[in-house]
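Numbering (my numbering), first residue to last: 21 to 297. C-beta: ideal position from N, C-alpha, C; glycine also.
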């Protein structure tokens, strides 16, 4: 069994503390969902697990099967079995979707997959996701719709077979039909790989969790996880929102400041429009 353990994680960007002591353990075979309003540090947590250089970890640890990964470069974390499905996937001209995915597989796998086997797997995965076959020859995410980009992230997950996948608002930009397809593929991936894959879903809404059932649900506020449970948390949020949790934990909203981090942005505080969750 694989295990990703985050202990007492504190982190900041440009001197502003965002994570204030995050504790989270994910085991293979588990589906964890982190929910919370904008500005609470959800996307920051995802970026730090994958090694985004703009963030500074000031305290705590992240271990994968007992090995500390905070000193690893991003590519080494990917080779160790981590995957991030980004909220805003980058467009890269000049490299086709197919070539990108194959290069990623070859760089993270100990054995090289034959071209024929790769093409068969890719075609099958594209069919499962009901993507147009032309997606393989198009440049990576260039000209893709928001929904196409998100399905393409799931395509990469299916092809790369990571140990742990973090999906940052994979449901945003998806219509009902696309969301159903994504949810079905994630559920099938968990069932097929059994105890070889752990998922961390970052989302605002219940609709994703209607399609892939979490084993654990966490509420994140003010840079830390304040509550952990099951479906009852999702049901409570649908009725009461986050205000009740804020009251229970003495959390008040702060004004927002935006910090540029290249293709992403970190929103500090909460005003409902930020991109850092």
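Return the Cβ separation of residue i and residue j in integer angstroms, given the expectation that the two are a contact with Cβ distance under 8 Å.
i           : j           : result
residue 123 : residue 179 : Not a contact, Cβ separation roughly 11 Å.
residue 236 : residue 247 : Contact doesn't hold; Cβ gap of about 11 Å is too wide.
Could you tell me the distance, in whole angstroms, from the CA atom of residue i to the CA atom of residue j?
i           : j           : result
residue 181 : residue 196 : 26 Å
residue 30  : residue 219 : 22 Å
residue 49  : residue 114 : 37 Å
residue 153 : residue 147 : 8 Å
residue 215 : residue 209 : 11 Å
residue 267 : residue 133 : 53 Å
residue 165 : residue 120 : 18 Å
residue 24  : residue 140 : 31 Å
residue 275 : residue 138 : Summary for residue 275: the model assigns pLDDT 37, below 50, so the residue's position carries little reliability; its value from the coordinates is reported in the next sentence. Straight-line Cα distance between these residues: approximately 49 Å.
residue 74  : residue 34  : 8 Å
residue 136 : residue 207 : 27 Å
residue 191 : residue 86  : 31 Å
residue 261 : residue 157 : 43 Å
residue 271 : residue 36  : 17 Å
residue 199 : residue 230 : 10 Å
residue 77  : residue 96  : 18 Å
residue 265 : residue 43  : 18 Å
residue 129 : residue 109 : 23 Å
residue 217 : residue 211 : 9 Å
residue 203 : residue 151 : 15 Å
Just to confirm before moving on: does the CB-CB distance between residue i and residue j stay below 8 Å?
i           : j           : result
residue 184 : residue 46  : yes
residue 201 : residue 142 : no
residue 189 : residue 99  : no
residue 174 : residue 205 : yes
residue 116 : residue 159 : yes
residue 238 : residue 53  : yes
residue 187 : residue 105 : yes
residue 51  : residue 233 : yes
residue 101 : residue 84  : yes
residue 194 : residue 163 : no
residue 161 : residue 112 : yes
residue 71  : residue 27  : no
residue 82  : residue 94  : no
residue 103 : residue 221 : no
Spell out whether any CB of chain B is found under 8 Å from the CB atom of residue i.
i          : result
residue 62 : The structure shown has no chain B; it contains just one protein chain.
Buried or exposed, going by whether 16 or more other CB atoms sit within 10 Å of the CB of residue i?
i           : result
residue 64  : buried
residue 21  : exposed
residue 263 : exposed
residue 259 : exposed
residue 41  : exposed
*Do the stretch 230-249 and the stretch 49-64 meet, that is, are 3 or more Cβ pairs less than 8 Å apart?*
Between the stretch 230-249 and the stretch 49-64, the count of C-beta pairs closer than 8 Å reaches three or more; the two stretches touch.
*Decide if the stretch 247-260 is in contact with the stretch 216-233; the criterion is three or more beta carbon pairs, one per stretch, under 8 Å apart.*
Contact annotation: the stretch 247-260 touches the stretch 216-233, with at least three C-beta pairs closer than 8 Å.
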